[in-house]
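Structure first, commentary second.
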Amino acid sequence: MGANKKLYGYYPTSSEFLPIKVDANGKITISNIPAHKTSHETGGSDKINVTGLSGLLADGQTPAVTWADWTPTLNLGPAVLSGYTVARYCIVGKIVFVLFLATTKNMGGSAGWAEISLPLGGVQGTISESIKIYDGATHVNSACDIQPNGTYFRIYKTAANGNWNGTEVGVQIALNTCYEIA
Numbered sequence: 000m001g002a003n004k005k006l007y008g009y010y011p012t013s014s015e016f017l018p019i020k021v022d023a024n025g026k027i028t029i030s031n032i033p034a035h036k037t038s039h040e041t042g043g044s045d046k047i048n049v050t051g052l053s054g055l056l057a058d059g060q061t062p063a064v065t066w067a068d069w070t071p072t073l074n075l076g077p078a079v080l081s082g083y084t085v086a087r088y089c090i091v092g093k094i095v096f097v098l099f100l101a102t103t104k105n106m107g108g109s110a111g112w113a114e115i116s117l118p119l120g121g122v123q124g125t126i127s128e129s130i131k132i133y134d135g136a137t138h139v140n141s142a143c144d145i146q147p148n149g150t151y152f153r154i155y156k157t158a159a160n161g162n163w164n165g166t167e168v169g170v171q172i173a174l175n176t177c178y179e180i181a
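Pasting the structure below:
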């Protein structure tokens, strides 16, 4: 076939014939190949969907996060919080992120702990963490945990799992936490 003879071949993803060059050593060069990867990228005609595939992607992905409101049940424990200001959550994978805020609320009921329903049940294990509250008189370190049945938070008045009196006025609780679901 000699040096620099031209052949013409059909490039399968294009509707045109492209020149194929073969040099004296048999090296084949196809010129003017249209870019293929762009058809699989955002805005391309054949975007790849990786939903449901296992494993990790070569490039890190930013998950779409949407916060949702939930209406917590406040009267699960002996001490009952009179209301709440904000109750929101979002899910990323199997992690539920929670923001619960009660400002200038009252604690009623009887002496004991306050229990507030979770936005989603099915908790894997339990959590326990320190939080800061205002008990109507002073700012104190408190504690919060998710009970073993995995359906509610228990909020204590003190870090040593102390009880509320059930008569506190002007209570402020800010809970910003996360937990894993099954």
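When we follow numbering that gives the first Met the number 0, the leftmost residue of the sequence shown carries the number 0, and every step to the right adds one.
Just so you know, even glycine gets a beta-carbon here, dropped at the ideal spot from N, CA and C.
Short check: CB of Val-64 to CB of Cys-89, under 8 Å?
In this structure, the beta-carbon distance from Val-64 to Cys-89 falls below 8 Å.
If you measure between the beta carbons of Ser-81 and Gly-107, is that distance less than 8 Å?
Here Ser-81 is near Gly-107, since their CB atoms are less than 8 Å apart.
Name the one or two DSSP bridge partners that Lys-131 has.
According to DSSP, which records beta bridges pairwise, Lys-131 is partnered with Asn-140.
How is Lys-20 classed by DSSP in three states: helix, strand or coil?
For Lys-20, the secondary structure class from DSSP, reduced to helix, strand or coil, is strand.
Quick one: measure Cβ to Cβ for Gly-111 and Pro-71, integer angstroms, because I've assumed they're closer than 8 Å.
No, Gly-111 and Pro-71 are not in contact; Cβ-Cβ is about 18 Å, not under 8 Å.
Identified DSSP bridge partners for Ile-90:
Partner(s): Val-95.
Using the beta-carbon count (16 or more within 10 Å), is Leu-174 buried or exposed?
Buried, by the Cβ-count rule.
Beta-carbon proximity list for Val-97, same chain, < 6 Å, skipping 5 on both sides
Here the set comprises Tyr-88 and Thr-176.
For the putative contact between Ala-158 and Ser-127, defined by C-beta atoms under 8 Å, what is the C-beta separation to the nearest angstrom?
Not confirmed; about 10 Å, so no contact.
Per DSSP, which one or two residues make a beta bridge with Tyr-151?
Bridge partners of Tyr-151: Ser-116.
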